[in-house]
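Participant: This structure is in C-alpha cells; I'll ask about it shortly.
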Amino acid sequence: MNIQSAINRVVFAPRDERMLVAVEVKRRKRKRVPFLPTGGKGDYMTYICLSVTNKRPAQLLITKVKQFEGSAPFTRRSQWAVEQLRQVNGINPNKDCPEFDLVFDNAFDQWVASSAPEKCIFIQIMYHACQTYWEGKEGVPGSPSGDQQKGQRAQGGQGSPGAQGGQGSPGAQVGQMGGPVAQARRKSTVGPRPHHTEFVNCQSKLTGDACKMNLVLYRCKVFFNRMKKVMVSNQSRSQAGAGPRAGPSGQRPPGGSMGSVVQRASQALQERGERLGRAEDKTVDLMHKAQQFADTAHKV
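Sequential numbering from 1 applies to the sequence shown in full-length UniProt numbering.
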C-alpha cells in the first residue's frame, strides 16, 4: 500500500471523504512560535491533500496531514474549503520547480514539494477539480449564482410593458412596492458570491487540455525519483554496516559493486527523465499542429 492509499484509508475514509491527490511538502520559511519548543529535524512529515465529500452536494476540501514519529500514523491538522482558497501560485511558469504557495482567507503558506513532478501532479489535479467544482456550482438552486439569476429574472418581469404602463393588477403593484424589501431580504440570506480560485504562475501544460498525457509523464518521473532514493538509501545502509574495506596494499578500493550499480542506475534515470521531457514537448507540439490542421480543414 502506497502512502496516498494509507492516508485515504486512515484520515478521509472514516469521514466519508475521498482523497484525490496528496503531496509531501516542507515549509520554505519555517514558522516559529516563541512560546512552543521547536522539534528536531525529521520529527514529522507534512502532506497537503485534496479531497471531496461523498455526500451531495459535494464539497472540495484542502487538508494538512502530518505523520509524527512514534505516534498515530497520520493526523489531520487543518482543513479549508475550496471557497477559502483564494490563490494557487506556481512560482515559475517556465519550468518545473518544487515550490508553490497556497493563499487562503486566513492563512498564507509557502511550500516546497519533495520533487517537482509531484508538485505538478498536485497542481494539475487541483486545477481540474476546482474547474469541475465551480462549474457544478453554477445554476444550482440555493447557490449565489442561481439566486442571482432568479433575481435578474424577477427584475425582468417587473419591467414588462404592462407594469410600465401602469395598467397592472393591484397584486402586481404590491409586488413592485415590496420589491426592494424582498431584494434586501434575498441579499442578506444569500450573502456575497464567493470568488473562484485563481491559479497564477502555473505552466500552461498544467492547466491545459493534455492532462492525461502529462499525468502519465509526471507519474513516471515520480516513480523513477522514488526508485533512485530507495537505491541511494540502501547503498548508504550497506556502506554503514560493512564499513571501509582495505585492499591488499592497505588502500580502500575506489568503488564497490553496489556503488557502480547505483551510479549506472542514476545515470539511466537521468537520461530517461530527459527523454520523457523531450517526448512531452513533442506531444504538446503535435497537439498544436493537429489543432491547426483541424482548423484549416474545417475552413476548407
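All residues carry an ideal CB built from backbone N, CA and C; glycine is no exception.
Bear in mind that the values here come from a model prediction, so they are computed numbers and not experimental data.
Quick check on the DSSP output: what are the complete beta strand (DSSP E) runs of length 3 or more inside the stretch 61-133, in order along the chain?
Facilitator: Residue ranges of uninterrupted beta strand (DSSP E) with 3 or more members, entirely inside the stretch 61-133 and ordered along the chain, are 75-81, 85-89, 99-104 and 108-113.
Participant: Along the chain, where does the alpha helix (DSSP H) containing Ser5 start, and where does it finish?
Facilitator: Within the sequence shown, residue 5 is the residue found at index 5, counting from 1. It spans Ile3 to Ile7 - the alpha helix (DSSP H) in which Ser5 sits, taken as one unbroken run.
Participant: Counting beta carbon pairs with one atom in the stretch 197-205 and one in the stretch 77-92, are three or more of them shorter than 8 Å?
Facilitator: yes
Participant: Name the two residues that bound the continuous beta strand (DSSP E) containing Thr53.
Facilitator: Sequence index remark: in the sequence shown, residue 53 carries index 53 (1-based). Run containing Thr53: Tyr44 to Thr53, per the beta strand (DSSP E) assignment.
Participant: Go ahead and pull the three-state DSSP assignment for Leu286.
Facilitator: Here residue 286 refers to the residue found at position 286 when the sequence shown is read from its first residue. Leu286 falls in the helix class under three-state DSSP.
Participant: Met227: buried (16+ other C-beta within 10 angstroms of its C-beta) or exposed?
Facilitator: The residue given as residue 227 occupies position 227 in the sequence shown. That one is exposed.
Participant: Rounding to the nearest angstrom, what Cα-Cα distance links Glu118 and Gln110 in this structure?
Facilitator: Within the sequence shown, numbered from 1, the residue matching residue 118 stands at position 118. Within the sequence shown, numbered from 1, the residue matching residue 110 stands at position 110. Taking the straight line from one Cα to the other gives about 16 Å.
Participant: For Asp16, is the classification buried or exposed, using 16 other Cβ atoms within 10 angstroms of its Cβ as the cut-off for buried?
Facilitator: Counting from 1 along the sequence shown, the entry for residue 16 is found at position 16. Flag for Asp16 reads exposed.
Participant: Taking the alpha carbon of Arg27 as the reference point, which residue from Ser5, Trp134, Lys66 and Val222 has its own alpha carbon closest?
Facilitator: Within the sequence shown, numbered from 1, the residue matching residue 27 stands at position 27. Checking every option, the nearest Cα to that of Arg27 belongs to Lys66.
Participant: Quick check on Leu206: does DSSP put it in helix, strand or coil?
Facilitator: Here residue 206 refers to the residue found at position 206 when the sequence shown is read from its first residue. The answer is coil: DSSP assigns Leu206 none of H, G, I, E or B.
Participant: Under 6 Å Cβ to Cβ from Ala58, same chain only, skipping five residues before and after it: list those, please.
Facilitator: Translated into the one-based positions of the sequence shown, residue 58 becomes position 58. Within the same chain, Ala58 has close Cβ partners Val52.
Participant: Between Glu24 and Asp43, how many whole angstroms is the CB-CB distance? I'm expecting something under 8 Å.
Facilitator: Start at 1 with the first residue of the sequence shown, and residue 24 comes out as number 24. Start at 1 with the first residue of the sequence shown, and residue 43 comes out as number 43. Contact doesn't hold; Cβ gap of about 15 Å is too wide.
Participant: My output table needs one value for Ala294: the three-state DSSP class, helix, strand or coil.
Facilitator: Here residue 294 refers to the residue found at position 294 of the sequence shown. In this structure, Ala294 counts as helix in the three-state DSSP scheme.
Participant: Within this structure, are the beta carbons of Ile62 and Leu85 separated by less than 8 Å?
Facilitator: For the purposes of this step, residue 62 is taken as residue 62 along the sequence shown, with counting starting at 1. For the purposes of this step, residue 85 is taken as residue 85 along the sequence shown, with counting starting at 1. In this structure, Leu85 lies closer than 8 Å to Ile62 by Cβ.
Participant: Quick one: grab the DSSP three-state call for Lys228.
Facilitator: To locate residue 228, count along the sequence shown from 1; it is residue 228. DSSP places Lys228 in helix when its eight states are reduced to three.
Participant: According to the Cβ coordinates, are Phe223 and Gly273 closer than 8 Å?
Facilitator: In the sequence shown, the residue the question calls residue 223 occupies position 223. In the sequence shown, the residue the question calls residue 273 occupies position 273. Against a cut-off of 8 Å, the Cβ pair of Gly273 and Phe223 comes out as no contact.
Participant: Beta-carbon within less than 8 Å of Glu99's beta-carbon, same chain only, minus the 5 sequence neighbours each way: which residues are those?
Facilitator: Your numbering for residue 99 matches position 99 in the sequence shown. Hits under 8 Å: Arg28, Ile91, Asn92, Gln110, Trp111, Val112, Ala113 and Lys119.
Participant: Return the CA-CA distance between Thr207 and Ser238, expressed in angstroms with no decimal places.
Facilitator: Mapped onto the sequence shown, residue 207 falls at position 207. Mapped onto the sequence shown, residue 238 falls at position 238. Our two residues, Thr207 and Ser238, have alpha carbons roughly 43 Å apart in a direct line.
Participant: Output the distance between the C-alpha atoms of Phe104 and Val261, rounded to the nearest integer angstrom.
Facilitator: Sequence index remark: in the sequence shown, residue 104 carries index 104 (1-based). Sequence index remark: in the sequence shown, residue 261 carries index 261 (1-based). When rounded, the distance between both Cα atoms is 46 Å.
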